[in-house]
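Data block below; observations after.
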Amino acid sequence: MKEVSTDPNRAETDHETALLLSIQKSRNQPAYEKLFQLMAPKIKSFLIHQGRSVDEAENIAQDAMLAVWRKAGLFNPDKSSARTWVYAIVRNRMIDLQRRAGREMRGKDKYRHESGVEDVSNGGVTDATSRDRLQRLLAELPEEQATTLVMSYVEGKSHKEIADEVGLPLGTVKSRIRIGFQRLQELVA
1 MKEVSTDPNR AETDHETALL LSIQKSRNQP AYEKLFQLMA PKIKSFLIHQ GRSVDEAENI
61 AQDAMLAVWR KAGLFNPDKS SARTWVYAIV RNRMIDLQRR AGREMRGKDK YRHESGVEDV
121 SNGGVTDATS RDRLQRLLAE LPEEQATTLV MSYVEGKSHK EIADEVGLPL GTVKSRIRIG
181 FQRLQELVA
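Using the working numbering, read the sequence shown as starting at 1 and increasing by one per residue.
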């Protein structure tokens, strides 16, 4: 006789696993929407308790849930529950972000030391000459890249806020910012 669990947490994790298996088997969008509604708030709350800002937590949660959709075929219910698998994705995303932040800081330090330019500090611009130089560099970029860079780095908007404001998917906004930033680095080098 099969034992029936009365543990509400077990029932919830079993439901999440069933949803993920449905996504895995048939790319079931309603199941994905339900899983997203169940998991995204938990992920966001977890990240905020880990010291992430609300915007950063929201971006990581969305990235993780997008990875769930893309990588659902890799899920193995014999190895873990859906919740454990999703949180592993979140953990890996956080590690990626920490590594990227470290690389960016090393790159800024390298630029500051090798170029002898002292008006660049923590990615900010401190005098009128530097602001003019930045405006000239931004003018070299396609408008969609320059606009998203300004919205992100100057206006301090989150990627989600930018996506909502310009009416583009979050991934497109992130790509434009990344490509624009790389192009600026090439122009400065």
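We put the CB at the ideal spot given by N, CA and C, even for glycine.
A Cβ-Cβ contact shorter than 8 Å links alanine 40 with alanine 61. Secondary structure in the segment 38-112: the alpha helix (DSSP H) runs of 4 residues or longer, each lying completely within the stretch, are 54-71 in chain order.
Here lysine 44 is not near glutamate 33, since their CB atoms are 8 Å or more apart. A distance below 8 Å between beta-carbons, with the five flanking residues on each side excluded, links glutamate 165 to the following residues of its chain, in chain order: Met151, Lys157. Per DSSP, reduced to three states, the secondary structure at leucine 184 is helical.
Shortest Cα-Cα distance from alanine 72 to any of Ser26, Leu134, Asp96 involves Ser26.
Distance from leucine 170 to histidine 159 at the Cβ level is roughly 6 Å; contact confirmed, criterion being Cβ atoms closer than 8 Å. By the beta-carbon neighbour count (other beta carbons within 10 angstroms, threshold 16), glutamine 185 is exposed.
Contact check between the segment 6-24 and the segment 80-96: three or more CB pairs, one atom from each, fall below 8 Å, which counts as touching. C-alpha of glutamate 161 to C-alpha of serine 22: approximately 31 Å in a straight line.
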